[in-house]
DNA sequence: CGGTGACCAGATACGCAATATGGTCACCGG
DNA sequence: CCGGTGACCATATTGCGTATCTGGTCACCG
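Chains as they are written, first to last, in my numbering: chain A, 127 to 367; chain B, 127 to 367.
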């Protein structure tokens, strides 16, 4: 499986698609235009991506993978970055820096159209939930997270709180600087989910490799998904019914 | 100012409007239909409410006032209810019990149409912010809230966290029981904004009357606003331009 | 045999007439 | 005299028939 010529072309297609969406918004971008900007024929696009919707999902997934890589790098640099509060902060800042992810997390219907509607991100979320479960388990065992709440509740809190911070900018016209919002988010997660006091450096150092391994696996699952074809039920070809 | 015949009719109009919105959604409900259901003529509706949009705003305000009354009653019953975490929980449960408020907090565009779009609730929010500022100041002075964050940040956190909990149900199809979500919200606010440990009962008891007074004033401002005519710029009559 | 663009069916956008509705005000009945 | 009304008007909305566009396919080509 040479990740060479074929793979490079896929990247060019994704580049073209990403740029066009940013300029015109999802619903105005046609496959033909994407092909033209990638310097190839329309049919060739379908050699890589089943479906229009799936192509743009892959654009989003690629950006998400970049972000995951950033998170892993941060943990490598400083194990304290594996704490949920830090992860939340870094994620927020990483999203703020990437217009497409910002649109995705901010449910920007103007830019992403129906892609912003939850069904699209559904498979991705399922992955993320499994991941969070495993991670929380690990952190609790090492005394880094509270145990006065069960894991389901903690996952619910993390999800709801993040939702709130990502949506409160687009909703309230008030535009706070990203660093401000990220710090507030981090503070909230820290006190709501983690054990009080400074975390034990040894525990962090011991945990870092495991957490990184989990992230890499998560990354891998995502990468495979984005290489493969669209999952059956949703955004595959118009099925005969 | 006799709150009698005239006021009663206003209530009947609001009743009719509320019922119709719940059944058909904001955009399908006509003033004529509201009048018919209230057993009066169309013109009479305009004796009470400037504008279609303003009428339905008043419907929302009336429900909000009910909720405020619930909160005050809760504080009277037990001063501990004045803590932000408890207020958040009671508010969440009160909203969950009222379909219209649920639609408002959940930005239900299907039911509320353009009313769900933030501009409508803008004046209400301004009030609430002033109120929160004053309240937080008071709670901090009495050692009930953290002081490791400035008030602006705390207000931002409260707002964002609540946004997240109200929106996460409609967004994720997962429907948690209201009590579960309310408890999670309460926990989050408690640890993010309040001082650790059990609050001092004496401080609570001493504060209760002041907080209640503030609520009553807030209530009053809201009530006056809903009696008065629509504020100029936004949802007043089609101005000559 | 990887790549292409003409081709087709179904979706979408457009234009326009018919209808419905918000808001007003001259008029009525008590 | 005045609180209440519903016919009335200008405008917004809807419905619909048509024209255009676009996602996805596939026979053909270099």
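Think of the CB as a built atom: it goes at the ideal place given N, C-alpha and C, for glycine as much as any other residue.
I'd like to know if residue i contacts chain B, where contact means its C-beta is closer than 9 Å to some C-beta of that chain.
i, result
"residue 277 of chain A", "no"
"residue 225 of chain A", "no"
"residue 190 of chain A", "no"
"residue 322 of chain A", "yes"
"residue 233 of chain A", "yes"
"residue 237 of chain A", "no"
"residue 258 of chain A", "no"
"residue 317 of chain A", "yes"
Would residue i pass as an interface residue toward chain A - the criterion being a Cβ-Cβ separation below 9 Å?
i, result
"residue 302 of chain B", "yes"
"residue 221 of chain B", "no"
"residue 306 of chain B", "yes"
"residue 253 of chain B", "no"
"residue 311 of chain B", "yes"
"residue 329 of chain B", "no"
"residue 364 of chain B", "For residue 364 of chain B, the predicted structure reports a pLDDT of 47, less than 50, and the residue's modelled location is therefore unreliable. The matter cannot be settled from this model."
"residue 314 of chain B", "yes"
Within the same chain, show all residues whose beta-carbon is closer than 6 Å to that of residue i, passing over the 5 residues directly before and after it, in chain order.
i, result
"residue 215 of chain A", "308, 312"
"residue 207 of chain A", "200, 201"
"residue 205 of chain A", "330, 331, 334"
Excluding five sequence neighbours on each side, which residues of the same chain lie with their C-beta closer than 7 Å to the C-beta of residue i?
i, result
"residue 315 of chain A", "210, 211, 214, 284, 287"
"residue 157 of chain A", "168, 171, 178"
"residue 139 of chain B", "160, 164, 171, 174"
"residue 270 of chain A", "209, 320, 321, 325, 329"
"residue 272 of chain B", "319, 320, 321"
"residue 343 of chain A", "none"
Between which residues of its own chain and residue i is the CB-CB distance below 8 Å, once the five residues before and five after are set aside?
i, result
"residue 115 of chain A", "No information on residue 115 of chain A is available, as it lies outside the stretch 127 to 367 that chain A covers here."
"residue 229 of chain B", "237, 238, 242"
"residue 348 of chain B", "187, 190, 191, 194, 250, 253"
"residue 258 of chain A", "281, 284"
"residue 277 of chain B", "259, 262, 263, 266"
"residue 337 of chain B", "201, 208, 261, 264"
"residue 350 of chain A", "none"
"residue 152 of chain B", "182, 237, 238, 239, 240, 241"
Assuming residue i and residue j form a contact by the criterion Cβ under 8 Å, report the distance between their Cβ atoms to the nearest whole angstrom.
i, j, result
"residue 185 of chain B", "residue 143 of chain B", "5 Å"
"residue 290 of chain A", "residue 291 of chain B", "7 Å"
"residue 219 of chain A", "residue 304 of chain A", "6 Å"
"residue 317 of chain A", "residue 132 of chain B", "Actually they do not touch by this definition, with Cβ atoms about 51 Å apart."
*Counting pairs of Cβ atoms below 8 Å between the region 328 to 346 of chain A and the region 161 to 177 of chain A, do you hit three or more?*
no
*Check whether the region 309 to 327 of chain B touches the region 175 to 185 of chain B, taking contact to mean three or more Cβ pairs, one atom from each stretch, closer than 8 Å.*
no
*Of all the residues that make up the region 272 to 297 of chain B, which are near chain A by a beta-carbon distance shorter than 8 Å?*
275, 279, 282, 283, 285, 286, 287, 288, 289, 290, 291, 293, 294, 297
*Is the region 148 to 162 of chain A touching the region 223 to 239 of chain A, taking contact as three or more C-beta pairs under 8 Å?*
yes
*Is there contact here, the region 319 to 326 of chain B with the region 289 to 296 of chain A, by at least three beta-carbon pairs under 8 Å?*
no
*Listed in chain order, which residues of the region 131 to 154 of chain A have Cβ atoms closer than 7 Å to some Cβ of chain B?*
none
*When Cβ atoms are compared, which residues of the region 152 to 174 of chain B fall closer than 7 Å to chain A?*
none
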